[in-house]
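Quick note, the sequences are listed as chains A and B, same order. Going by the working numbering, the first residue of the first sequence is number 1, and it counts up by one from there. Going by the working numbering, the first residue of the second sequence is number 1, and it counts up by one from there. Right, one structure below, let's go through it.
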Amino acid sequence: DAGVTQSPTHLIKTRGQQVTLRCSPKSGHDTVSWYQQALGQGPQFIFQYYEEEERQRGNFPDRFSGHQFPNYSSELNVNALLLGDSALYLCASSLDRVLSPLHFGNGTRLTVT
Amino acid sequence: AQRVTQPEKLLSVFKGAPVELKCNYSYSGSPELFWYVQYSRQRLQLLLRHISRESIKGFTADLNKGETSFHLKKPFAQEEDSAMYYCALRALKTSYDKVIFGPGTSLSVIP
Chain A
1 DAGVTQSPTH LIKTRGQQVT LRCSPKSGHD TVSWYQQALG QGPQFIFQYY EEEERQRGNF
61 PDRFSGHQFP NYSSELNVNA LLLGDSALYL CASSLDRVLS PLHFGNGTRL TVT
Chain B
1 AQRVTQPEKL LSVFKGAPVE LKCNYSYSGS PELFWYVQYS RQRLQLLLRH ISRESIKGFT
61 ADLNKGETSF HLKKPFAQEE DSAMYYCALR ALKTSYDKVI FGPGTSLSVI P
C-alpha cells in the first residue's frame with residue numbers, strides 16, 4: 001500500500017498564474033482533505049471532499065477550488081497566485097466513518113515568485 | 001469556534017529526562033484529540049489519540065476536560081523523539097468534521 005501520494009513534489013510559479021496539485025488517497029479511503037502549511041505554522045484546513053463534492057471548507061478565498069474524481073483522487077486548484085500562497089500543501093485521506101484518523105501525503109511545496 | 005494552542009514553539013530536553021508537550025483547546029462540544037508527529041524528512045503521522053488510551057513509543061496523553069488540555073508526556077526522552085509535534089482536535093462522533101491543528105512544538109532531545 002503506497003499510502004497517500006501527492007504530485008508534484010515541488011513547484012515554482014509566478015504571481016498571477018494558476019496551479020493544480022494532485023492527490024491519490026490511501027487505498028480504501030474515500031475522503032480527501034487539503035491543508036496549507038506555511039513555514040513555522042501548523043496545517044490550516046482548506047476543504048474536504050467526499051463523493052465528489054466539497055463537504056466542508058475553511059477560511060480560504062474562492063481562488064482555492066478543488067475536485068474529487070470517481071476513483072477518490074483529488075485536485076487542488078489555486079488561481080491568481082499571490083506571494084502569500086507559497087506554502088506546503090498537504091493532502092490527507094480518511095474513511096467516511098466515525099473515528100477514522102487522517103493519513104497524510106508528503107505534500108507539495110509551492111513557491112510563488 | 002474550535003481552537004488548539006501549543007504554548008511552546010521550541011522545547012529542548014536532555015536524553016533520559018522527562019518531557020511534556022503542552023496542548024490546550026477550546027471547543028464547546030465533545031472533542032476528539034490527537035497528537036501528530038513529523039520526523040525529519042517524513043510525512044505527518046498520527047502518534048496517538050485520546051480515545052485509544054494507549055501508549056505509543058512511550059508517549060501518553062490524558063484528556064483533561066476541566067482544564068481543556070491534552071498534554072503529551074514521556075518519562076524518559078530519547079534522541080529519536082526529536083521531531084515536530086502537533087496537537088489536533090475534531091468533533092467527536094462526526095466522521096466528516098475537519099481536523100484543526102495547533103501551531104506545533106519542535107522537540108529537540110540533547111544527547
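Think of the CB as a built atom: it goes at the ideal place given N, C-alpha and C, for glycine as much as any other residue.
For R53/B, the closest alpha carbon among the candidates L72/B, I110/B, Q45/B and I100/B is that of L72/B. The Cβ-Cβ distance between F64/A and F47/A falls below 9 Å. Closer than 9 Å to the CB of F64/A there is not a single CB belonging to chain B. H10/A counts as exposed, since fewer than 16 other beta carbons sit within 10 angstroms of its beta carbon. T14/A places its beta carbon less than 9 Å from that of L81/A. The alpha-carbon separation between S12/B and V109/B amounts to approximately 6 Å. Between the alpha carbons of S94/A and Q68/A lies a distance of about 14 Å. Comparing alpha carbon positions, the residue from R43/B, L47/B and V4/B closest to S26/B is V4/B. DSSP places F69/A in no beta strand (DSSP E); its state is neither H nor E. K65/B counts as exposed, since fewer than 16 other C-beta atoms from the protein chains shown sit within 10 angstroms of its C-beta.
The beta carbon of P101/A lies closer than 7 Å to those of S94 in the same chain, with the five residues before and after it left out. Out of C87/B, S30/B and S28/B, the CA that lies nearest to the CA of L47/B is found in C87/B. A direct Cα-Cα distance of roughly 44 Å separates V19/A from F14/B.
Under the DSSP assignment, H10/A falls in the beta strand (DSSP E) whose first and last residues are H10 to K13. Only residues of its own chain outside the window of five on either side were considered, and among them F76 and A77 have a CB closer than 8 Å to the CB of A17/B, listed in chain order. Here DSSP, grouped into helix, strand and coil, assigns L81/A to coil. In the DSSP assignment, A83/B falls within the beta strand (DSSP E) that extends over A83 to A91. Residues of chain A whose Cβ lies closer than 8 Å to the Cβ of I110/B do not exist; the shortest such Cβ separation is about 22 Å.
For Q37/A, the CB contacts under 8 Å within the same chain, skipping 5 residues up- and downstream, are P43, Q44, A87, L88, Y89, L90 and G107 in chain order. Check the Cα spacing between E53/A and each of A2/A, Y72/A, L99/A and H29/A: the tightest is with Y72/A.
A Cβ-Cβ contact shorter than 9 Å links L83/A with V112/A.
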